[in-house]
Structure formats: structure tokens, C-alpha cells
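Everything below concerns the one structure shown next.
In our numbering, the protein residues as written are 709 to 874.
Next comes the structure, spelled out in C-alpha cells:
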């Protein structure tokens with residue numbers, strides 16, 4: 709009987725405030741806003757954990773994937789605490805691609821960064837946002853770096869505050 713009572717009490721205990729994760733878990737609810745902020749000419753395919761946007765008629769034929777997932781390997785805490793500074797993340801990125809540039813993002817209460825790189829004839833920009841183990845990834849590809857970067861940053865500015873929450 710004591711074990712049952714103890715288990716019930718544990719079930720009623722509040723969860724730690726830091727374990728909230730993202731406020732939005734269905735990217736389909738944001739598809740229209742993503743298309744609108746990019747100019748409306750984009751075609752979109754939306755699922756709960758993935759939103760794909762592309763514009764074959766646009767200059768540079770940009771393609772963007774917005775993904776929700778999990779990353780609970782300690783990266784978020786190391787970045788948040790400063791144990792892994794953005795400069796260290798950029799150094800790791802440059803080991804894979806010497807042209808990679810990486811900068812931090814202002815996405816509080818989450819942490820995040822964006823990397824810019826070349827992939828053959830394409831340029832890429834990948835934004836990573838972490839909160840309580842929830843992961844938002846925005847991958848943007850286009851023939852020009854400016855387009856890839858602009859699209860990723862525009863979606864971070866528009867979608868991340870709604871996805872991350874307060």
C-alpha cells in the first residue's frame with residue numbers, strides 16, 4: 709500500500725520548469741506563414757515534424773527543410789553554459805568544410821546558431837535551435853549564398869519564436 713501511495717505522489721509531483729521543450733510540435737500549422745514570409749511563390753509540403761519549401765521559379769531554385777526532432781546529447785547545456793562556445797562550434801564546422809562560417813542566434817530561451825557553407829554548386833545555411841532537448845533545424849539551399857542565408861534567417865526570425873515559446 710505504501711508503494712502505491714508513493715507512486716501516486718510521484719505522479720502528482722510537478723515537472724521541473726526547465727523541461728518544457730518547444731511550444732509548437734506540428735509544423736503543418738506554420739506552413740502558410742512560412743510561405744507568406746518567403747514571398748508566397750513557394751510550394752510547401754507539411755507534416756508534423758517536417759516542412760519542405762521549394763521555389764523552382766525563383767532565382768537560385770531555393771529549397772528549405774524545417775525539421776523538428778530531439779537532441780539530448782548535452783550539446784545544448786554545453787553551449788548554454790559556455791563550455792562549448794560558438795567559436796568552438798565554428799572550428800568543428802571548418803574541419804569538415806574550410807569555408808564554413810558559424811554565428812550564434814538570439815532565440816532565448818533556446819540556444820542556437822547558423823552555419824553557412826558551400827556544397828558543390830549550391831550554398832547552404834543551416835540553423836540549429838535547441839530547447840530542453842527539442843531540436844529545430846532549418847536547412848536552406850540555393851545557388852547563391854545570400855539567398856540560402858536570407859531564407860534560413862527569415863524563417864528563424866519568423867518561426868523560431870513561435871516554435872520555441874517563452
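Ideal placement from N, C-alpha and C gives every residue a C-beta, glycine not left out.
Going by the CB atoms, is the gap between residue j and residue i shorter than 8 Å?
{"i": "residue 789", "j": "residue 810", "result": "no"}
{"i": "residue 848", "j": "residue 833", "result": "yes"}
{"i": "residue 812", "j": "residue 837", "result": "no"}
Restricting to Cα atoms, I'd like to know which of the options is closest to residue i.
{"i": "residue 863", "options": "732, 791, 744", "result": "744"}
{"i": "residue 773", "options": "854, 829, 850", "result": "850"}
{"i": "residue 740", "options": "730, 758, 752, 805", "result": "752"}
{"i": "residue 732", "options": "865, 770, 844, 805", "result": "844"}
{"i": "residue 755", "options": "830, 775, 860, 870", "result": "775"}
{"i": "residue 673", "options": "800, 857, 835, 748", "result": "Nothing about residue 673 can be reported from this structure: the residues present for the chain run from 709 to 874 only."}
{"i": "residue 852", "options": "769, 736, 750", "result": "769"}
What are the residues that DSSP puts in a beta bridge with residue i?
{"i": "residue 758", "result": "775"}
{"i": "residue 734", "result": "Answer by DSSP bridge pairing: none, since residue 734 is not bridged."}
{"i": "residue 842", "result": "778, 839"}
{"i": "residue 849", "result": "771, 832"}
{"i": "residue 753", "result": "760"}
With residue i and residue j assumed to form a contact (beta carbons below 8 Å), what rounded beta-carbon distance in angstroms separates them?
{"i": "residue 854", "j": "residue 839", "result": "So it is not a contact: roughly 29 Å between Cβ atoms."}
Can you find a CB in chain B that lies within less than 8 Å of the CB of residue i?
{"i": "residue 784", "result": "Protein chains in the displayed structure number just one, and chain B is not present."}
> Could you give the uninterrupted runs of the beta strand (DSSP E) lying entirely in the segment 767-840, keeping only those of 3 residues or more?
Replying inline: 771-778, 809-813, 819-827, 830-839
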